[in-house]
Structure formats: C-alpha cells, structure tokens
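Below is one structure, written out as structure tokens; the observations come after it.
2 protein chains.
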Amino acid sequence: MPKGGYMQKILRVDLTTQKVSVESLPEKVARDFMGGAGFAIKYLFDEVPAGTDPLGAENKLIFASGPLSGTNASCASRMAMATKSPLTGAVGMSLSGGYFPVELKFAGYDVLIIEGKSEEPVYIWIHDDKVSLRSAKGLWGTATLDCQQIIKDNLNDQNIRIACIGPAGENLSKMACIINERRAFGRKGVGAVMGSKNLKAIAVRGRQKVPVASQDAFKKANAVMLKAMKDSEALYPALGKFGTPVVIEVLWGSGTFPAKNFSATGQWNPVEQLGVGANEVRKIGKEPCYKCPVGCAQIKLVKEGPYAGTLSVPDYETIYSFGGNLGVTDLDSIIYADRLCDGLGLDTISVGLTIGFAMELFEKGIITKEDTGGMELTFGNHEAAIQLVSQIAYRKGFGSILADGSKIAAEKIGKGSEKFAMHIKGLEMPGYDPRGLKTHGLSFATAYTGADHNRGYSSQDVFGSPVPEPVDRLDPKGKGRMAKWNQDMHAVTCDAATMCNFIIDAYFPEGAAKNTADMVNAVTGFDYTAQEVEMIGERINNLARVFNAREGFDRKDDTFPERILTEPLKAGASKDHYISKEELNLMLDEYYSERKWTAQGLPTKEILLTLGLDDAVTELERLASKS
Amino acid sequence: MPKGGYMQKILRVDLTTQKVSVESLPEKVARDFMGGAGFAIKYLFDEVPAGTDPLGAENKLIFASGPLSGTNASCASRMAMATKSPLTGAVGMSLSGGYFPVELKFAGYDVLIIEGKSEEPVYIWIHDDKVSLRSAKGLWGTATLDCQQIIKDNLNDQNIRIACIGPAGENLSKMACIINERRAFGRKGVGAVMGSKNLKAIAVRGRQKVPVASQDAFKKANAVMLKAMKDSEALYPALGKFGTPVVIEVLWGSGTFPAKNFSATGQWNPVEQLGVGANEVRKIGKEPCYKCPVGCAQIKLVKEGPYAGTLSVPDYETIYSFGGNLGVTDLDSIIYADRLCDGLGLDTISVGLTIGFAMELFEKGIITKEDTGGMELTFGNHEAAIQLVSQIAYRKGFGSILADGSKIAAEKIGKGSEKFAMHIKGLEMPGYDPRGLKTHGLSFATAYTGADHNRGYSSQDVFGSPVPEPVDRLDPKGKGRMAKWNQDMHAVTCDAATMCNFIIDAYFPEGAAKNTADMVNAVTGFDYTAQEVEMIGERINNLARVFNAREGFDRKDDTFPERILTEPLKAGASKDHYISKEELNLMLDEYYSERKWTAQGLPTKEILLTLGLDDAVTELERLASKS
C-alpha cells in the first residue's frame, strides 16, 4: 500500500436503505487512477451502467479527493465529483476547491459514494468515523449560504464544512450545482442529482492528518512547484493580483471574448466596464482555497447604486456569462447575479448562456413578450436577467422554459431556435470563442463533459504559452496532438492530483508531468515516472470516453453549435475565422488518430489494453455486438 | 472581591491613540451595579459628560456583561451596551443575546469601553489577552453577515464571534444598529456611533471559563428558575413553540395591535395573515441564544413567490413595524425586509415606523410623488417599503429625508407632519398601543431611552399577568407604582443580571427579585437580598435619569405623540380609550411620587443618597445652580 497521501477508505452511503459502510481503497485503484477524477470515473464507470436515469435512484454521486489534498501542498485542496449528468447524459465531472474537500480527508475518507434515494429530505453528517443521516426537512428551500450556517449552528460547530444544494437543485434544474462555501461543484446539473435523491447537504468535520511518505522529498518538490508558480507571469502578478478577470483583456486582444450569445465576438467591447480596472475598484479581499498562495478568488463588493451592499466572488466565467454574453456592461449587476446564483445553487455559465440564448431569440422576434411574461428581453437588460435567474431556480414563468438549459429550452421553443443554443453535448459554452482559439475549441468539441474549459484548457491558445510548444491558434492543423496533451495533462495534474488549474500555466523545467510525479511520489511513496503520470491522464480520458460511448456518444457529438461552424467572426484579431465542417473533420481525424481511436471516435482495443482498461474493452465489445 | 461571575477586568480601547489598556473591575461597582446595564450606565455617566456630541470622538461605546453570562445559567447570555444616543440625545441602552456576549467574557472581560475615533476604518480583534486594531478598509460597505464571515475567514477561525455595523451605521443613520450574527444591539442609533468612530466591527474569541462561587447553590437556583419557566404558560408552550408572533393575537384581543401608523389600531385586522398560523407555515427552525431552553428566535423561510428563498428571524416587533404598522399583510415581504435590515444594520422598529409615518403623510397628501421620487407610498405597498429600506441605509432619494428617524424627518418635511411621527424622545414606538395599555404606556413615556418596550415591559397589561398584582390596563390610576416596579425589575433582572426579558413572565413563588438574588449570589458569592436587588434596578433608573437630566430632559419630555393624547381608539376591545393630557399628568404625578422625584421629574437628593448615588447629587446640584 502507498505510505501516505491516502486515507485508504471509501465511505459508501445508501440513501434508500440508510446504510453506511466503509470499504478499503484498493492499492491498484490508487496506483492506476491516482485520485480525484481518476477515482471518480473509475467508480462511476463500474457502478453506473448504461441507460441509467440521471435523476433516478440508480445514479450515484461520487466524491473523490487526491493524494495531495489536505497536505501542505500548495494549490492542491480540490476534490472531484462524478455522476451521470442530467444535462448532457454523459459523464458529469466537476471539481471544487475551498475547505470542504480537505475536510473529507481529515474525516478519514478518500472517496464518498452516495447512492439510492431518500424518501424524505436528509443531509449526511460525517464526523470522523461517525456517519449519520439527519432530517433536512427544515432545510429544504433554504439558500446555500443560509443552509450551511444553519447546519453549523444546529450541530454546534462552526468549523464544519458543508456542500449543499439550493432551491435550484431541489427543483431539479439541470443547471443546478453543488455549493460549498461560495464555491461550486459546477456545471452539468450535478446539483439536480443531489436534489433527485432528496439530499440537501453533506456536512463534514474531521480531525485526522493526511500522512506524508517523505517529508523531505515533499518539501523539495513543493518548493520547486512554488518557485515555478512564482516565476510564472500568469500566476504572479496577474492571477494573484487581479484574479481571473484578466482573461477578459487577454481574450479581447485575440478577438475571442464572446459577446451577445457569440453573435458579436470581437465587435462589442466591454473591457473598460468589465475588465481589470472595473474589477479592482470593487475588490475588497481574497477568498483563497486551503493552502493556496495565489488566491485568484477575489471578493467584490458593490459600493453604490441599486445593487449596493452586494458581495460576491464572480470569476471570469461569470463576468463573461452575465456580462459580455448578455451585452451587459453593469458589473454591479453581474456581482448581484453571481450572488443570487450561488444562493440558489445555479451554474452561472449555463444560466447566463441560456438567458443569452433567450435574449437573441427575443431580438430576432422568435419569441416575444407573450412568451417572456412581458419581459423586454433585449441584450443589456440586466434587470430582466436577474429576474430570470430566480424564475429558473423555481421553474416559474418563462423560467420554466429555461430551467433545464439551452438545449432543452430550444426543444421546447422550436421555431429553429436550436441554432442559437450555444452548447456542446448539452453543456453551455464557456467564455472562449473557438473560432479564434482552435486548440481550445477542439478540446471543447471532444471533452467527455461537453463544452468544458476545465477538461483541457489551452494556455497555448489563450496566453500564448510555449508549453509544451507554441501553437498558431487560428490554424486548424496540429490541434489534435495539442488537445490530447492538454486534456491528458489536465486530467492527471488538475483532476486526479487535484492541483489547481493554474498550475498548468506554470513552467516546469522538467515538464509538468515530472512535477506532478515528484509531488505525488513524495506524498504517497509511489514511484511514478513522468510517462506513467501522463498515462493516468490518458486512462481517465479513455475510460470516460467509453462511459459516454455506451450511452450512445460518438463522433457525431464531437461538434460545435451551428454558429461556430458557419459564421465567421466579423471583427477583431480573429476576424473572418470560423471552424468549417471540413476543418472540424480534419481536427477530429487528427485528434482521434493521436488518441488511437477509431474514425467513429471510439477507443480501440489496443489503446484500452495499453492503458490497462480491460473492463472497458469488454464493455465496448458488448456495445459493438449490439449494434 | 466576588468569588465568581466576574472576570474582574475592564478592557479599554482608545481608537484615537490606538492604545489598549486593562483596568480592574472595582468590587464596589460590581456590588452596587451587578453588571450589564448597571455597569454600562455607571461608566457612561462617569465618562460621557453633558453636551457630548453623540457622533463625536468624545462619545463612548460601553459594552458590559452580567455575572451569569457565560455560566450554565439558562437564558442569561445577554450583554448590555450604552452610549449617548444620536437618535434621542438621551442614554442609548441596548441589549443583545446570541453568542457574542458570552465570548467577550470567555476572553476575560466584563466591560469593554471604546473611546475616541480612528482615522481609518478599523475593527477590534480581541483574542483573550491579545487585543489589536486591524484595518477594516476592505470591510467598509459590507453587509453585516458578509462582514462577519470575512473576518472569520481572514482570522482563520470560524468560532470567532463578531458584532459589527452595516452600511447604515457607516452612513451614520440614526436608526443604525450593531449586529452580531442575526441579532442586534438595536434601536437608538447605536450603530451610527460605531460608524462615527470608523469602527466596523468587534471580533472576539476567548478560552477562559467563568468562575462560579458555589456550584451547588447555582444548580439549585437554576433548577428553580427552569421550573418556573416551564410552569409559565407564556414561555411554554407559547413562546417556546410559536416565538414572539403570539403577541399579535394577544394584542389583537385587547384591541392594542397598532395598525397603519397607529391610525387604525383595533380596526384593521391582519391576524390571519401575520399571526401564529402564518408564521408556523414559514418556520423551519430555531436560533436560540447560548444556553437558552426556550428559543423564541424562530427561523422563517419564504417558500414561494417573489421573495422565495429569503430566510430571516423576524420577531414580533418587526412583524408589527413592517406589517400591521404599514398596513402590509404579506408576511413574506416582512421576512425580506427583516433580512435586508439585518444586512444593512438597521433597526426594524424605527425604520418601519419612519416609513409608516411617510405613508400616512402620503395618504394625507402632505407629501406627494414629487417628494418620494415617484413612489406610490400608500399603506400596504411593501415593494415601496423595501425600496425605502435601502434608500435609508445609503441616504439616497427620499431615503435621505427618512434616514435619521421620524422626528428628524418631520422637522425636514414640516407642514405639521410632526403630529404623525410616532416617537417618544425621538425613539419610535414599539408595537403596543398605549391607549389600551396604560401601564406599558407610562413606561414608554418615562423610560430613560424613549419609547422602549424593553425598559419596563408590562406583562400585567399585555398578558394579564397577576405578578406582582393584576391591573386594569385601561384605568390610568395606580399605574405609577406598577410602572416603577416593572422598570426597576426589568433594569436589574434583564438588563443588569442580563437574564432574558421573558424571565419576567415566569412566576416565582418568592418573587422575581428573590430569584435574581439566588442566581447571582450562587454565581458571585455575594449575599444580595431581594430588596437590595430591587434597589439595583432603581439605582440604574435613577442614574440614567440624571444622565438625561443634565442633557436637558425633564417632565416635558415624558409624553406621547399627539395622536395618543387626542385620538380615541375607534374600534376593538379598547374602543374609545386614549390618554388625555389630564390622564398623563395624573399618571406622571403618581409615578414621580412613587420614585421620590420632583414634580419636574428630577430625582431628589433624598432618593439619590438612599441609592448611594452621591456623584449624581453633585451633578444635579451643579445643574440647578446653572438654571
């Protein structure tokens, strides 16, 4: 067994039978999947069979931390959670930072598997080895910050850490997320899965320490990582000082900051009102994750006007989704919307995009005031956007049409509206226009979660990073190899070792994989090579791909919204660019070939066996025999 | 020195010089003033001379706990604070429960005196014997719940307890209060005093124990108190089960539930929409004070409609001030207003009454839409009320006229509006119409803080309590003696021993004073008799009266708003009653006589010397020589 890093235990809670059990974490699972998303996808694949209703009792919620989490490692306090996504029908993988993730390790568990469905609202209270289900009848309907406070008060311990859903999750909005403090296990409707199980919250308090195999080796590795981070211009001063809003200016520079539901990217410039300057005026502090020296999460306070007194921590994505994307330049309204979404437990990207979709339909006359309940749903109308946020969470008024995201809204509305729904596989687009960021775009098209900026972020495209090599962001060629590298490195470093996404932007002389190996080896006592580390990332992506394949996903789903495929950008530094269907096919062919997948986008037996995914081979063969 | 109960220390923080010092609590002060309001008025009287500008550096904030606070005593976790009130110019005395009060004792202090004025926004961080001033620049502008969370996060201890102001206090609204958790040191603009000193918050964490002189005696006394509480119908089941909203039904029964700025008391019946039934539907839990077995603070959640998801803990007074008083029957809007006031740090009674005053002016045509910025400010318009709450906190729009309470608003508006301003000495009326509750009314007229239901609550009037003897609430005769008894018992039991107000409603076979003596003696080792205890209450009321006298207050200020003196109630169980000027004079004569005060309402040398208030005699003599 590994000598450190892991608590060696899996906690399983069956909400149907109310049975709580503890299993050992198998050494082979630890070695092959490392932790976090690796563990989560492993158990999701094994335990959630094809055809499972995402909102049925058979779906599971699998939370898993990594070996570094809870140690003194800088920027590794995150946790992954996986479930079958009700929004996409594919793998729903989310990661969150903060303090909840490490607390679960302090309580003694690497993995928490929640299954079944409670008859009545409950929450799970994990206090070291005492685990119980408690009634959440009184908590049902509470906003997430209130819910957390009430649980702390009721259990008489302010140091309890809690992940919970808000009204949106209770009402099964497929845009609901799971909130801990102000942070989210975001996107993909993971909050609705909790809601469907009548599970309001998970409360954790632990007093154990995470063992470290070699303190000397750990200190050395962590020092190297800290230095690399400090040397990285992206991290210091940019992200450390200004937080993620710096991305607005960077993207405006490359003509890829999406505006007005992607209809005005490169044309409509809100940098002055939404960029770093405007954010700095409202910044009052930071809210860093456990042991994080960067602190990209910046607390913003509205100081005047109708939203005065509102405080929240909107990141770049929210400023994009409720700002540029909606043609809104009122940053205060975005802070308000962010706070509202956190409280209701809603994903800001999906909600902002779904509202943007509706705004475009309204401006095009596809829907009218009769549909919106009298709302003048034009771009820029932040009052309407804010009103819709609540309507979405409670499925009221026009919000009932939008509550499950843009894809389902388009199905309900019809009239050709689907072409304005900016999603991939049902997941709304994050704030990067793929037409000028083709590595990133290819990653969106192929990521196992849908349009997800966190499953293979392309720093090469966005920041011009030369690691592992520079790219021409506008040239579709060569993108397959780079997208694969980004996805695999992201999967292992950020999702399995659960180091912060921004680590990827740091330059490591011996490579990021070597850094991850050094960190994880020091903590666990394993002897991963850099190559093995990369292979873990590849393993995760392949296993997730097979999970999706058995749900019916293949090449046809690796695509973009019609606008990306047909409308060239009209202005800015990426003017005239788009991704034609031919380009997409070229990129996919290259990508599948790099991955050793078939032309249909399915993993070959060869690559699966190389990765030791024998079970996945069996599943794929069963699939093939059926069709 | 006493053997228990006290930490024996006074902490003094000078914000001008940033000097922190510790003084011993003198034994004589402990014995003569017991604690809480006793200590607070003692130091206020000694240290804040006549003519002090309430919002100047010379005013002080004096926080003081009682001997029982922090022990296992049931319902004694409160703390008093005194300052010269910017709203009334008189003593501003407030008490709050929760957890902040006991934490200050755990840190080792009975009294905290804050003086001077900081140049920049600061907060005080008291961690046992380590006391420091820290910058609050970043916290300036934050809502109270956010402020508390950020301080806990920044100091990396979720168990810190905090009292702070919101934007209203920063903007020096004379209706601002000081919030700890969701509780308030309310009324009298005490939050503006903090704001004027650039003091955003006081954060406390302590690890000491409060010594108890005799555990055996204490357990015995506490058991008697618990039994008395359990035997009291008012406490169990009424207050324990339903919280303070039960008062609505009780007052409706006696025709004294104030409606529409006291213009429709007894006529307009909102019991169904605002009473116990409506509250029960929204109740999701309790938020009891430290060691409280009753838990009158009930958490309410709005479950549907435009305010859905809002959670707050409105007590009877808020349901009155934003409900009946505004002609509002939408309980959800009241919960929303309560939450908003807590966040902004505003006193719900004063704000509700000031808005009600404006609504009556609007309905009478004294002000119009031109004054209100277009608002249709009619009774029942809760949307307008909610809009005004924010405007008041930020002194924006029509809110800038209302921001300092009804008395000052009337001065600004003129046009005879003063007669609709429902205040005494500048403090807005709580939710008891004195026209049908004359003992209570006399207490309002004479209380040293203005119209304050907590400076001599009349359970005899309100609940028909036979302790110490039954009264005829409609007969002005005999009220002097009863008002004095209520005021003195309240001052010592609730304000000095800091036991909960509701203790007063319990029946003690040997009398409430004996119970207080038993409790305090057990904890401190003192040997108070019941008579001595009553005398401490009297001492507090007399010293406060002299404080006010040297600020110019006398008989002329012991009065009611014109409506109470001239308009008989039009319907209900107190129909045709009011308090004529003749009745008022009769009641005052009786009251002054009971108190051994002059016909001008000033304490005589005789009574002051009897009470050992020699310094007060000197002050009164100096005053007399001037006039």
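Chains A and B, in that order, give the protein sequences.
If you're matching positions, the first sequence starts at 1 in the working numbering and goes up one per residue.
If you're matching positions, the second sequence starts at 1001 in the working numbering and goes up one per residue.
By construction, the Cβ of each residue, glycine as well, lies at the ideal position given by its N, Cα and C atoms.
Remember, it's a predicted structure, so these values are computed and weren't measured experimentally.
Self-check item: Rounded Cβ spacing between A:Met175 and A:Gly405 (contact assumed at less than 8 angstroms)
Solution: The residue labelled residue 175 of chain A in the question sits at position 175 within the first sequence. The residue labelled residue 405 of chain A in the question sits at position 405 within the first sequence. Between A:Gly405 and A:Met175 the Cβ distance is about 5 angstroms, and since that is below 8 angstroms, they are a contact.
Practice problem: Say whether chain A places a C-beta atom closer than 9 angstroms to the C-beta of B:Ala1259. | Solution: Along the second sequence, one-based indexing puts residue 1259 of chain B at 259. So, not an interface residue.
Quiz item: Rounded to a whole number of angstroms, what is the C-alpha to C-alpha distance between B:Thr1256 and B:Asp1461?
Solution: For this step, residue 1256 of chain B is matched to residue 256 along the second sequence. For this step, residue 1461 of chain B is matched to residue 461 along the second sequence. About 10 angstroms.
Quiz item: Cα separation between B:Ala1234 and B:Ser1459?
Solution: Here residue 1234 of chain B corresponds to residue number 234 of the second sequence, with the count starting at 1. Here residue 1459 of chain B corresponds to residue number 459 of the second sequence, with the count starting at 1. Going from the Cα of B:Ala1234 to the Cα of B:Ser1459 covers about 10 angstroms.
Practice problem: Quickly, what does DSSP pair A:Gly285 with across the bridge? List them, please. | Solution: Taking the first residue of the first sequence as position 1, residue 285 of chain A is located at position 285. The partner list for A:Gly285 (beta bridge, DSSP) reads A:Ile299.
Quiz item: Along chain A, in chain order, which residues have C-beta atoms closer than 8 angstroms to that of B:Leu1344?
Solution: Counting from 1 along the second sequence, the entry for residue 1344 of chain B is found at position 344. Result: Gly309.
Quiz item: If you measure beta-carbon to beta-carbon, which residues of the segment 154-166 of chain A are closer than 8 angstroms to chain B?
Solution: Asn154, Gln158, Asn159, Gly166
Practice problem: Could you tell me which chain A residues have their CB closer than 9 angstroms to the CB of B:Gly1285, listed as they occur along the chain? | Solution: Walking along the second sequence from the start, residue 1285 of chain B turns up at place 285. Residues of chain A passing the Cβ test: Gly138, Leu139, Ile150, Asp153, Asn154.
Practice problem: Please classify B:Thr1016: does DSSP put it in a helix, a strand, or coil? | Solution: Along the second sequence, read from residue 1 onward, the residue named residue 1016 of chain B stands at position 16. Three-state result, B:Thr1016: coil.
Quiz item: Does the beta-carbon of B:Glu1287 have 16 or more other beta-carbons within 10 angstroms, so that it is buried, or is it exposed?
Solution: Mapped onto the second sequence, residue 1287 of chain B falls at position 287. It counts as buried.
Quiz item: Within the 9 angstroms Cβ cut-off, does A:Asp557 reach chain B?
Solution: Sequence index remark: in the first sequence, residue 557 of chain A carries index 557 (1-based). Closer than 9 angstroms: no.
Quiz item: Quick one: what's A:Tyr123 bridged to in DSSP?
Solution: Numbered from its first residue, the first sequence carries residue 123 of chain A at position 123. Paired residues: A:Arg134, A:Ala201.
Quiz prompt | Local Cβ density within 10 Å of B:Gly1374, reported as buried at 16 or more and exposed below that | solution = If you number the second sequence from 1, residue 1374 of chain B lands on position 374. Per the 10 Å Cβ criterion, exposed.
Quiz item: Going by other Cβ atoms of all chains shown within 10 Å of its Cβ, with 16 needed for buried, is B:Pro1644 buried or exposed?
Solution: With chain B represented from 1001 up to 1627, any question about residue 1644 of chain B goes unanswered, as that position is not in the structure.
Quiz item: Along the segment 384-400 of chain A, what residues have a CB closer than 8 angstroms to any CB found in chain B?
Solution: Ser390, Ala393, Tyr394
Quiz item: Thinking C-alpha only, which one of A:Ala358, A:Lys117, A:Phe218, A:Glu181 is nearest A:Leu636?
Solution: Residue numbering for chain A in the displayed model covers 1 to 627; residue 636 of chain A lies beyond these limits and cannot be assessed.
Practice problem: Ignoring anything shorter than 3 residues or poking outside the segment 1057-1132 of chain B, list the beta strand (DSSP E) runs there in chain order. | Solution: 1061-1065, 1079-1084, 1091-1096, 1111-1115, 1122-1127
Practice problem: Kindly indicate which residue of A:Gln158, A:Ile151, A:Gly89 has the alpha-carbon position closest to the one of B:Asp1153. | Solution: Counted from its first residue, the second sequence places residue 1153 of chain B at position 153. Considering only alpha carbons, the answer is A:Gln158.
Exercise. Label B:Glu1639 either buried or exposed according to how many other C-beta atoms from any shown protein chain fall within 10 Å of its C-beta, with 16 as the threshold for buried.
Key: Residue 1639 of chain B cannot be examined here, being either before or after the span of chain B that is shown, 1001 to 1627.
Exercise. Kindly identify the DSSP beta-bridge partner or partners of B:Ser1312.
Key: Taking the first residue of the second sequence as position 1, residue 1312 of chain B is located at position 312. B:Ser1312 is bridged to B:Lys1300.
Self-check item: Inter-residue Cα distance where the pair is A:Gly206 and A:Leu251
Solution: Indexing the first sequence from 1 puts residue 206 of chain A at position 206. Indexing the first sequence from 1 puts residue 251 of chain A at position 251. Distance between the alpha carbons of A:Gly206 and A:Leu251: 42 angstroms.
Quiz item: By how many angstroms is the C-alpha of B:Val1389 removed from the C-alpha of B:His956?
Solution: A question about residue 956 of chain B goes unanswered here, because the residues of chain B that appear run from 1001 up to 1627.
Exercise. Could you have a look at A:Lys9 and say whether DSSP puts it in helix, strand or coil?
Key: If you number the first sequence from 1, residue 9 of chain A lands on position 9. Of the three classes helix, strand and coil, the one that applies to A:Lys9 here is strand, per DSSP.
Practice problem: Show which residues of chain A have a CB atom less than 7 angstroms away from the CB atom of B:Asp1146. | Solution: As a first step, residue 1146 of chain B is located in the second sequence; it is residue number 146 there, counting from the start. Leu311, listed in chain order.
Quiz item: At which residues does the alpha helix (DSSP H) containing A:Ile392 begin and terminate?
Solution: As a first step, residue 392 of chain A is located in the first sequence; it is residue number 392 there, counting from the start. Note, A:Ile392: alpha helix (DSSP H), 382-394.
Quiz item: Who are the neighbours of B:Lys1303 on chain A, taking C-beta pairs under 7 angstroms?
Solution: In the second sequence, residue 1303 of chain B corresponds to position 303, counting from 1. Under the 7 angstroms cutoff, chain A gives Gly141.
Practice problem: Would you kindly check if the distance between the Cβ of B:Phe1547 and the Cβ of B:Tyr1448 is under 9 angstroms? | Solution: Working through the second sequence from its first residue, we reach residue 1448 of chain B at position 448. Working through the second sequence from its first residue, we reach residue 1547 of chain B at position 547. Yes, the Cβ-Cβ distance between B:Tyr1448 and B:Phe1547 is below 9 angstroms.
Practice problem: Pair every Cβ in the segment 522-531 of chain A with every Cβ in the segment 217-227 of chain A, then say whether three or more of these pairs are closer than 8 angstroms. | Solution: yes
Exercise. Can you say whether A:Arg622 is buried or exposed, counting buried as having 16 or more other CB atoms within 10 angstroms of its CB?
Key: Stepping through the first sequence from its first residue, residue 622 of chain A is reached at position 622. Result: exposed.
Quiz item: Nearest-angstrom Cα distance between B:Asp1614 and B:Phe1185?
Solution: For this step, residue 1614 of chain B is matched to residue 614 along the second sequence. For this step, residue 1185 of chain B is matched to residue 185 along the second sequence. Looking at the two C-alpha atoms, the distance is approximately 30 angstroms.
Practice problem: Might you give, ordered along the chain, the residues of its own chain that have their beta carbon closer than 6 angstroms to the beta carbon of B:Gly1089, omitting 5 neighbours on each side? | Solution: Residue numbering aside, residue 1089 of chain B sits at position 89 when the second sequence is read from its first letter. Correct list, in chain order: Glu1551.
Practice problem: Could you please give the first and the last residue of the uninterrupted alpha helix (DSSP H) stretch that includes B:Asn1585? | Solution: One-based indexing of the second sequence puts residue 1585 of chain B at position 585. 1581-1595 is the span of the alpha helix (DSSP H), which, as asked, contains B:Asn1585.
Quiz item: With burial defined as no fewer than 16 other Cβ atoms inside 10 Å of the residue's Cβ, what is the status of B:Pro1509: buried or exposed?
Solution: The residue labelled residue 1509 of chain B in the question sits at position 509 within the second sequence. It counts as exposed.
Quiz prompt | Contact with chain B by A:Pro67, beta-carbon distance below 9 angstroms | solution = Locating residue 67 of chain A in the first sequence gives position 67, counting from the first residue. No, its Cβ sits nowhere closer than 9 angstroms to a Cβ of chain B.
Exercise. Find out if the Cβ-Cβ distance for the pair B:Gly1352, B:Ala1385 is shorter than 9 angstroms.
Key: The residue labelled residue 1352 of chain B in the question sits at position 352 within the second sequence. The residue labelled residue 1385 of chain B in the question sits at position 385 within the second sequence. Cβ atoms of B:Gly1352 and B:Ala1385: closer than 9 angstroms.
Quiz item: What residue range is occupied by the uninterrupted beta strand (DSSP E) comprising A:Ala163?
Solution: In the first sequence, the residue the question calls residue 163 of chain A occupies position 163. Segment 161-164, the beta strand (DSSP E) holding A:Ala163.
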